[in-house]
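S.K.: Pasting in a structure now, in structure tokens, and then I'll have a few things to ask.
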Amino acid sequence: MSTRRGIFFALASVGLVSAAQLGMRWSMTRLPPPEQWLNLSHIDVAALAVVFTAIVAYALSMLCWLAALRDLPLGRAYSLLSISYALVYLLAASLPLFHETFSLSRSLGVALVMLGVITINSRPVSAPELRSSP
1 MSTRRGIFFA
11 LASVGLVSAA
21 QLGMRWSMTR
31 LPPPEQWLNL
41 SHIDVAALAV
51 VFTAIVAYAL
61 SMLCWLAALR
71 DLPLGRAYSL
81 LSISYALVYL
91 LAASLPLFHE
101 TFSLSRSLGV
111 ALVMLGVITI
121 NSRPVSAPEL
131 RSSP
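In structure tokens:
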């Protein structure tokens, strides 16, 4: 089993799913309400292109996730997936195009999530973890 390869694919999945979530958020603020989607004159083509790109990113993220699950114990893999929550929050709050704000409680939550990821992944993979993975 290649733990490094698993971590690489898990982090690639995190990056892709985070980009997809941010892309969807950006797009949906620029598209009309769903009841107007059939009226093509109200559709922002750039926003629609980002929606389709985000869907592709979600699909690629799933493929990376499946590859990560091959090489990582489930507990470690899922802890790495939690990074996406922190990444999306930090990017949405720091990039002006999302109009999100920082808050102390959210930032503390992100810090706790990251502390948990570090705690779970700071020790080497043990023999029982290796045997329990597929």
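Take the sequence shown: its position 37, counted from the start at 1, is 37 in full-length UniProt numbering, and no numbers get skipped.
Built from N, CA and C at the ideal position, the CB exists for glycine as well.
As the structure is a prediction and not an experimental result, all values here were calculated from the model.
Can you give me the C-alpha to C-alpha distance between ARG106 and LEU22, rounded to a whole angstrom?
M.R.: Taking the straight line joining both Cα atoms gives about 17 angstroms.
S.K.: Assess, as a yes-or-no matter, whether the region 71-83 is touched by the region 115-122 under the definition of 3 or more beta carbon pairs within less than 8 angstroms.
M.R.: Output reads yes: the region 71-83 touches the region 115-122.
S.K.: Quick check on this structure: which residue in GLU35, MET62, LEU108 has the alpha carbon closest to the alpha carbon of ALA10?
M.R.: Answer by Cα proximity: MET62.
S.K.: Straight-line CA distance for VAL17 to ILE43?
M.R.: Distance between the alpha carbons of VAL17 and ILE43 is about 24 angstroms.
S.K.: Extract the residue ranges of the beta strand (DSSP E) inside the region 6-85, only unbroken runs of 3 or more that lie entirely within it.
M.R.: Within the region 6-85, no complete beta strand (DSSP E) run reaches 3 residues.
S.K.: Between LEU95 and CYS64, what straight-line distance do the alpha-carbon atoms span, to the nearest angstrom?
M.R.: One C-alpha to the other measures close to 26 angstroms.
S.K.: So, under 8 angstroms CB-CB, ASP71 and GLY6 are touching, yes? Tell me the CB distance rounded to an integer number of Å.
M.R.: So it is a contact: roughly 3 angstroms between Cβ atoms.
S.K.: Find out if the Cβ-Cβ distance for the pair MET28, ALA54 is shorter than 7 angstroms.
M.R.: For MET28 and ALA54, no; Cβs fall outside 7 angstroms.
S.K.: Inspect the beta-carbon positions of ALA12 and ALA57 and report whether they are closer than 7 angstroms.
M.R.: Contact flag unset, no.
S.K.: Is ILE43 close to chain D, meaning its C-beta is less than 7 angstroms from at least one C-beta of that chain?
M.R.: The chain inventory of the structure shown lacks chain D, comprising one protein chain alone.
S.K.: Give me, in chain order, the residues of the same chain whose beta-carbon lies closer than 8 angstroms to that of ILE120; leave out the 5 immediate sequence neighbours on both sides.
M.R.: Closer than 8 angstroms at Cβ, skipping near neighbours: GLY75, ARG76, SER79.
S.K.: Under a Cβ-count criterion, where at least 16 other Cβ atoms within 10 Å of its own Cβ denotes burial, should LEU87 be classed as buried or exposed?
M.R.: It counts as buried.
S.K.: For ALA68, count neighbouring Cβ atoms within 10 angstroms of its own Cβ and tell me buried if that reaches 16, exposed if not.
M.R.: Result: buried.
S.K.: With H, G and I counted as helix, E and B as strand and the rest as coil, what does DSSP make of PRO124?
M.R.: Looking at PRO124 - three-state DSSP - the assignment turns out to be coil, as it is neither helix nor strand.
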